[in-house]
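Visitor: Here's a structure for you.
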Amino acid sequence: MFLRGTMYWKFVCTNKTESECFQRALFGDTKKLWDRIRDVKRGDILFLYNINTDVLFGPFTAESAR
2 MFLRGTMYWK FVCTNKTESE CFQRALFGDT KKLWDRIRDV KRGDILFLYN
52 INTDVLFGPF TAESAR
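In this text, residue positions in the sequence shown follow the numbering used here: the first is 2, and each later residue adds one.
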């Protein structure tokens, strides 16, 4: 169950980057979106969306901020 007040974040990957995201347990995005991503906090709920396969993975829990 999700906690009230918890933020939800959707990160995007491709077929080329999906395995790296899972191997490194690290989600990221472009510098262009940094102003929004920097607000991720420990405990926030994360999803990873593969734009090539149209598959949404998750939920995951952020273990650290930034």
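Where a beta carbon is used, it is the ideal one built from N, C-alpha and C, also for glycine.
Here the structure is a predicted model, which is why all the values come from computation and not from measurement.
Taking one C-beta from the stretch 31-42 and one from the stretch 15-22 each time, how about it: are there three or more such pairs within less than 8 Å?
Guide: no
Visitor: For N16, which of helix, strand or coil comes out of DSSP?
Guide: helix
Visitor: At what residue ranges does the stretch 32-65 contain a whole run of the beta strand (DSSP E), taking only runs of 3 or more?
Guide: 46-51, 56-62
Visitor: What's the gap between the Cα of V56 and the Cα of T15?
Guide: Between V56 and T15, the C-alpha separation is close to 10 Å.
Visitor: Under the rule that 16 or more other beta-carbon atoms within 10 Å means buried, what is W35, buried or exposed?
Guide: exposed
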